[in-house]
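Everything below concerns the one structure shown next.
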Amino acid sequence: MLRLALFVCFATAKAYIWPSPQLDALELFRWEPDKSGLLGLIQPCDFFLFGGSSSGRSDAADWIRTAYHDMATHNVTDGTGGMDASIRFAQEQARPEDVGDGFQNTLSSLINHSNRYVSMADVLTVGAIVAIENCGGPEIAFRGGRIDAVAPNKPGVPEPQQDLDSHISAFARQGFTQTEMIGLVACGHTFGGVQHAAFPDSVPVLNDPNNTQSVSHFDSTFVTFDNNVATEYISGTTQNPLVVGLNDTTNSDKRIFSSDGNATMRSFAKSPDHFSSTCADLFARMFNTVPRGVKLTEVITPLPIKPDNLKFDLAVDGKTIDFTGQVRFWDTPENTTQTVRMLWDDRANGRNNATLILSGVSPSGVRHTVGWYDTPLLTLNAAAGITNMRFLVDGRLENQGGVGFAIQDDLIWSRSSCVYTNTSITSGRFEIAVRNTLTPTRVFLEQASRDNISRPITLEFGLAPVHVSPPAAKSVYNLWSAVVNNTFAAFTIGAEIDGVKVTRNDPRSVEGFASCTGL
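Residues -15 to -1, 1 to 504 in mature numbering (1 follows the signal peptide of the UniProt record, and there is no 0) are what the sequence shown lists, from first letter to last.
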């Protein structure tokens, strides 16, 4: 019932129209954790990259704790703080409220997944969502578009030695009521525990070979999302160190859970579904707590059909284009027998079709599957090209509500790009083909990089038009060229047209092209 309710909730979210560079990247990172490698860091759920399964710790628990600590600086009054990846700054991690190495562990695992479209704060959010969902928790609505902080935020994370009024005040500053405070703490504490190294006054050395980092866990199923944190608390069997710890000053969970006469915790203990749905809502609100002025996207749901990895290569003679790609079908049964045909339009008003080839069905997380269909190698007339495509799935037309899937073949790689092999310098030449209907003021290579505070940035390297002498007959594409000294570095194509920057997401290195004939 819960899964159906969540599906209905997500289904009401308006799907975006492909292509959309930022939403495509956010959708990919959110819904295909296998492809990014996130899932491999939390499966099995007791996996801990920095100490193994016998450490008593897990990556999943660290990722969830990191997300909360990043958000917990938010101030609803002045709009500062929130999910903005400020936790990456050493000044924040040095505070007593952010004790422990879990934050740095999390950042070292996740931060490099950020890019121009997916901020570090978005990555921390998705990491926590994937950890929750794939270790037994509910699906959580995700919005993207967080903006990374440029400096540490003010302190504000609650600490276990503080009294109840301080905790109520801290959560109110973050935007949560007292009841929501109880829920959010319980939801977060279905994972993990308290580590001796970080809190020696609360947890003793355990001398347990199966818990080498001496972690006293919040419940008996500390790597699985369930309501045991509530059932064990209500039944009086809990070993939660923040409830029954020897140092009553730091028994903050006891004070928080009992602050409404245990009414909220009883409701959680009584109904796993109620606990799960409450946590789905509270986690989503936590992740959506951002600094004032940050506008998040709509809820991002997986596209039912999504073209992927589209590649265009202009032949050296400029007369044809080689086109390949894949199409992802969401929640494809493993034993699918569906037939998929791709229909496409071109600039010569032609209508074309080809049968796609099923390359396999693979899991996407623990709840979903994706079916991958490959296009055959298609050699297109360069003048005609391709403008739009649709799909016939067992005779049923799929065309994004009538708009089709718009294809851009205006800025593509030319097979005349090459690697220099007769020099002592490792270098190569990129040649970019620009359709002659475009009039860019500049064309450039783009390379992903980071600034001095770790934010993703894009470097631009200008290209120059290739002048043919003597002038050739009018060609479909004009070439722009640049020499690069790193043959393995990946670049994408960018251009500025009528004052607007555009990009084409098909990263290449010159190592993938043939050898040049000379300098």
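Backbone N, C-alpha and C define an ideal beta-carbon position, used for all residues, glycine too.
Could you check whether G41 and N212 sit closer than 7 angstroms to each other, using their CB atoms as the reference points? Along the sequence shown, read from residue 1 onward, the residue named residue 212 stands at position 227. Along the sequence shown, read from residue 1 onward, the residue named residue 41 stands at position 56. Cβ distance not < 7 angstroms, so N212 and G41 don't count as in contact.
Given a cut-off of 7 angstroms on the beta-carbon distance, is the pair I49 and G129 in contact? One-based indexing of the sequence shown puts residue 49 at position 64. One-based indexing of the sequence shown puts residue 129 at position 144. Taking 7 angstroms as the Cβ cut-off, I49 and G129 do not qualify as a contacting pair.
From N232, Q198, S243 and A52, residue whose alpha carbon lies closest to that of Y218: Here residue 218 is taken as the residue at index 233 of the sequence shown, counted from 1. That would be S243, whose Cα lies nearest to the Cα of Y218.
CA-CA distance, I397 and S99? The sequence position of residue 397 within the sequence shown is 412, counting from 1. The sequence position of residue 99 within the sequence shown is 114, counting from 1. I397 and S99: Cα-Cα distance of roughly 25 angstroms.
Supposed contact pair R131 and A106 - C-beta distance, whole angstroms, cut 8 angstroms: By 1-based counting over the sequence shown, the position of residue 106 is 121. By 1-based counting over the sequence shown, the position of residue 131 is 146. At roughly 4 angstroms, the Cβ-Cβ gap stays under 8 angstroms, so A106 and R131 are in contact.
Taking the continuous alpha helix (DSSP H) assigned at W48, which residues delimit it? Reading the sequence shown from its first residue, position 63 is the one you call residue 48. It spans D44 to M56 - the alpha helix (DSSP H) in which W48 sits, taken as one unbroken run.
Cutoff 7 angstroms; reference L362; Cβ partners in own chain excluding five residues on either side: The residue you call residue 362 lines up with position 377 of the sequence shown. Hits under 7 angstroms: D307 and T309.
Check whether the region 274 to 287 touches the region 57 to 75, counting contact only when three or more Cβ pairs, one atom from each stretch, lie closer than 8 angstroms. yes
Just tell me which of A171, N337, D193 and V179 has its CA closest to the CA of S262. Position 277 of the sequence shown, counted from the first residue, corresponds to residue 262. Looking at the Cα atoms, A171 is the closest of the given residues.
Taking Cβ to Cβ, would you say I72 is nearer than 7 angstroms to F88? For the purposes of this step, residue 72 is identified with residue 87 of the sequence shown, where counting begins at 1. For the purposes of this step, residue 88 is identified with residue 103 of the sequence shown, where counting begins at 1. Yes, Cβ-Cβ distance for I72 and F88 is below 7 angstroms.
Can F473 and F446 be called in contact, C-beta distance under 7 angstroms? Position 488 of the sequence shown holds residue 473. Position 461 of the sequence shown holds residue 446. No, the Cβ-Cβ distance between F473 and F446 is not below 7 angstroms.
Quick check on F441: does DSSP put it in helix, strand or coil? Residue mapping note: residue 441 aligns to position 456 of the sequence shown, counting from 1. In the sequence under discussion, the amino acid at residue 441 is Pro, which differs from the Phe named in the question. Strand.
Going by the beta-carbon positions, is the gap between W16 and P450 smaller than 7 angstroms? On the sequence shown, residue 16 is found 31 positions in, with the first residue counted as 1. On the sequence shown, residue 450 is found 465 positions in, with the first residue counted as 1. No.
Kindly provide the ranges of any beta strand (DSSP E) runs that are 3 or more residues long and lie completely inside the region 245 to 315, ordered along the chain. 290 to 299 and 305 to 315
Under 7 angstroms, do A45 and A126 count as touching if we go by C-beta distance? As a working note, residue 45 is residue 60 in the sequence shown. As a working note, residue 126 is residue 141 in the sequence shown. Result no, Cβ atoms of A45 and A126 do not sit closer than 7 angstroms.
For the beta strand (DSSP E) containing Y358, list its first residue and its last residue. Numbered from its first residue, the sequence shown carries residue 358 at position 373. It spans H353 to D359 - the beta strand (DSSP E) in which Y358 sits, taken as one unbroken run.
With distances taken from CA atoms, which of A339, T477 and Y358 is nearest Q432? The residue you call residue 432 lines up with position 447 of the sequence shown. With distances taken between Cα atoms, Q432 lies closest to T477.
Can you tell me which of the three DSSP states C172 falls into? Taking the sequence shown and counting its residues from 1, the one referred to as residue 172 is at position 187. Of the three classes helix, strand and coil, the one that applies to C172 here is helix, per DSSP.
Can you confirm whether the region 323 to 343 touches the region 352 to 360 when touching is taken to mean that 3 or more C-beta pairs between the two stretches lie within less than 8 angstroms? yes
Near I153, what residues of its chain come up, given a Cβ to Cβ distance below 8 angstroms and the 5 sequence neighbours on each side ignored? Locating residue 153 in the sequence shown gives position 168, where the first residue counts as 1. Excluding positions up to five away in sequence, the list reads Q163, M166 and S244.
Could you spell out where the beta strand (DSSP E) holding Q180 opens and where it closes? As a working note, residue 180 is residue 195 in the sequence shown. Q180 -> beta strand (DSSP E) spans G178 to Q180.
From this set, N407, N463 and A269, which residue's C-alpha is nearest P422's C-alpha? Looking up residue 422 in the sequence shown gives position 437. The sequence as given places Thr at residue 422; Pro does not occur at that position. Among N407, N463 and A269, the Cα nearest to that of T422 is on N463.
Which residues in the same chain as S5 place their Cβ atom closer than 6 angstroms to its Cβ, once the five residues preceding and following it in sequence are excluded? By one-based count along the sequence shown, residue 5 stands at place 20. Within the same chain, S5 has no close Cβ partners at all.
Tell me the rounded alpha-carbon separation between R(-13) and T443. Taking the sequence shown and counting its residues from 1, one reaches residue -13 at position 3. Taking the sequence shown and counting its residues from 1, one reaches residue 443 at position 458. With a pLDDT of 39 at R(-13), under the threshold of 50, the modelled position of that residue is not reliable, and the figure given next carries that caveat. If you take the alpha carbons of R(-13) and T443, they lie about 40 angstroms apart.
Where DSSP assigns a beta bridge to R414, which residues make up the other side? Residue mapping note: residue 414 aligns to position 429 of the sequence shown, counting from 1. DSSP lists C403 and V468 as partners of R414.
Does DSSP classify S187 as helix, strand or coil? As a first step, residue 187 must be located in the sequence shown, where it is residue number 202. Coil.
Leaving out five residues on either side along the sequence, give the residues of the same chain with a beta carbon under 6 angstroms from the beta carbon of D204. The residue labelled residue 204 in the question sits at position 219 within the sequence shown. Result list for D204: N213, V214 and E217, in chain order.
DSSP-derived helix/strand/coil call for P4: For the purposes of this step, residue 4 is taken as the residue at position 19 of the sequence shown. P4: coil per DSSP, three-state reduction.
Below 7 angstroms CB to CB, which residues in the same chain sit around Q323 once its five sequence neighbours on both sides are set aside? As a first step, residue 323 is located in the sequence shown; it is residue number 338 there, counting from the start. Correct list, in chain order: V378 and D379.
Which residue or residues does DSSP assign as beta-bridge partners of P450? The sequence position of residue 450 within the sequence shown is 465, counting from 1. Answer by DSSP bridge pairing, in chain order: W465.
Using DSSP with H/G/I as helix, E/B as strand and the rest coil, what is C(-7)? Locating residue -7 in the sequence shown gives position 9, where the first residue counts as 1. The predicted model places C(-7) with a pLDDT of 44, which falls under 50 and marks its position as unreliable, so this point remains unresolved.
Contact check, V188 vs P226 under 8 angstroms by CB: the rounded distance? Here the question's residue 188 lines up with position 203 in the sequence shown. Here the question's residue 226 lines up with position 241 in the sequence shown. So it is a contact: roughly 6 angstroms between Cβ atoms.
Starting from P348, follow its DSSP beta bridges and name the residues at the other end. Indexing the sequence shown from 1 puts residue 348 at position 363. Partner(s): T354.
Buried/exposed call for L448, threshold 16 Cβ in 10 Å: Stepping through the sequence shown from its first residue, residue 448 is reached at position 463. The residue in question, L448, is buried, as its Cβ has 16 or more Cβ neighbours within 10 Å.
Please state whether the Cβ-Cβ distance between V468 and R414 is less than 7 angstroms. For the purposes of this step, residue 468 is taken as residue 483 along the sequence shown, with counting starting at 1. For the purposes of this step, residue 414 is taken as residue 429 along the sequence shown, with counting starting at 1. Yes; because the gap between Cβ atoms is below 7 angstroms, this pair is in contact.
Distance check for E319 and A499, CA to CA, integer angstroms please. Numbered from its first residue, the sequence shown carries residue 499 at position 514. Numbered from its first residue, the sequence shown carries residue 319 at position 334. Taking the straight line joining both Cα atoms gives about 39 angstroms.
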